[in-house]
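A.B. asks: Chains as they are written, first to last, in our numbering: chain V, 6 to 219; chain R, 6 to 219. Glycine is no exception: its CB is placed at the ideal position from the N, C-alpha and C atoms.
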DNA sequence: ACTTGAAATTGAACGGCGATCAATTTATTT
DNA sequence: AAATAAATTGATCGCCGTTCAATTTCAAGT
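(1) Using the C-alpha atoms, what's the distance from residue 61/V back to residue 30/V?
(2) For residue 188/V, count neighbouring Cβ atoms within 10 angstroms of its own Cβ and tell me buried if that reaches 16, exposed if not.
(3) Closest to residue 42/R by C-alpha separation, out of 78/R, 32/R, 124/R, 25/R, would be which residue?
(4) Taking 7 Å as the limit between beta carbons, can you name the residues of its chain near residue 65/R, skipping five residues before and five after?
(5) Where residue 194/V and residue 46/V are concerned, what is the direct C-alpha to C-alpha distance, given to the nearest angstrom?
(6) Tell me which residues share the same chain as residue 82/V and place their Cβ nearer than 7 Å to its Cβ, disregarding the 5 neighbours each side in the sequence.
(7) Can you find a CB in chain V that lies within less than 8 Å of the CB of residue 197/R?
(8) When Cβ atoms are compared, which residues of the segment 24-54 of chain R fall closer than 7 Å to chain V?
(9) Quick one: which unbroken alpha helix (DSSP H) runs of 4-plus residues sit fully inside the segment 99-147 of chain V? Chain order, please.
(10) If I measure Cβ to Cβ from residue 78/R and keep anything under 7 Å in the same chain, skipping five residues before and after, which residues do I get?
(11) Which residues in chain R have a C-beta closer than 9 Å to the C-beta of residue 87/V? List them in chain order.
(12) Which residues in the same chain as residue 142/R place their Cβ atom closer than 7 Å to its Cβ, once the five residues preceding and following it in sequence are excluded?
(13) Taking DSSP as the reference, what is the three-state secondary structure of residue 10/R?
(14) Is residue 16/V helix, strand or coil by DSSP?
(15) Is residue 167/R helix, strand or coil when you go by DSSP?
(16) DSSP on residue 55/R, reduced to helix/strand/coil?
(17) In the structure shown, what three-state DSSP assignment does residue 150/R receive?
(18) Output the distance between the C-alpha atoms of residue 110/R and residue 144/R, rounded to the nearest integer angstrom.
(19) Taking the straight line between their C-alpha atoms, what separation do you get for residue 23/R and residue 63/V?
(20) If you count every other CB in all the chains shown that lies within 10 Å of the CB of residue 55/R, and 16 or more means buried, which is it?
Right, dumping it as structure tokens:
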């Protein structure tokens, strides 16, 4: 048998990604098997390899979709110019997503390409997109600082948040601890630090406490 | 051939773990093969399975050793009661370690047991040990707060730091960005937030700015 | 010293995996 | 209608983790 044309190439792509997502969300990335995906969609392995280079490639695209979905959720959040509130909303959005799709989210960072293989450009771009969301929320509080500085604080927050979800996803939080409460503590304290801490020499913040700027 | 007694059970254990560490540090966790370890140490696969339950078990113990080593480094750090400085030293220690053993460190969180399999007690204890180091450094600044609160801030910092090293380890930092500078920013801002931010009602901090305590 | 039971070690074997590719069938172009 | 291109199969390869009966050696008891 060959060339069934039951599905277009695009439909097939969807079938495969959807099936992979379904399997990963149920069994985790460990449980993803090419043969299983093929069986699921009613084709054979060879067809998978017609559409994707290999499993790594398939997983990258699956993870790409996960990032897309998260991005879509995040962009629904309305910003109010109040960083504390905006960040909390964003975090809420972010954590809701990771709670609803824990294993899919885990797969995003659990999966690692062999070193010899560079992360595709389109993937890095999706990540940057998410970062800039945080930057926008953080901007008002940092109006006196350089773009580079804003960028860095956004990234620090993002990475910190990320650490929490990773540890949560691998079941390393302790009893009664949730990434939501942790994240709130982080943001509150961090924003306090940005607001009341030592200021760079920008002239528009009242309390320079005399400590050396970083 | 059987029962060579070239090595005691303990020596064999060491041989296997050391070989695994060597392989992982060179090739990453992906490159770890039971057959390769066996060949390395001059035994056959079966012997591996005499000492370890399976590869997951072997990896857990290998990662346990990594945690031990990091703990040993961290406990060399002398604390001065100045949280900012102490934390920076600890972070320096932590990051030095992860930079010197990037792939071994990556293996610690890259590896995930099947869900059905609980993380061994002894492993969780090693993690808690590292956490309490941070708690000790943070304590002076939080003398007025509850133990639970101190604990939580320590964990937030630890997880944040963790996020950075994870992302660094998977090559997701950008040009000119290092986990060291990121971590310094995090700690500085966070400690500022703890020092100058809204205080809980403990009576021994001067600047209560009136915001609602968390 | 001899016997006996326990422990260690081997290596063949199993089933499953990702990946490859010649062969086949169907669709598309000329 | 013929020729070309694309899709699909399924057999096949080599490797993987894991198991286990068989073998050999060590240690204990007598």
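C.D. replies: Inspection of the coordinates gives the following:
(1) 17 Å
(2) buried
(3) 25/R
(4) 125, 128
(5) 49 Å
(6) 94, 95, 98
(7) yes
(8) 33, 35
(9) 107-115, 126-143
(10) 98, 102
(11) The premise fails here: residue 87/V is roughly 13 Å from chain R at the closest Cβ pair, so nothing lies under 9 Å.
(12) 84, 88, 91, 92, 95
(13) coil
(14) Look at residue 16/V here: in three-state DSSP terms it is helix.
(15) helix
(16) helix
(17) Coil at residue 150/R, not helix or strand.
(18) Computed Cα separation, rounded: 27 Å.
(19) Their Cα atoms are separated by approximately 34 Å.
(20) exposed
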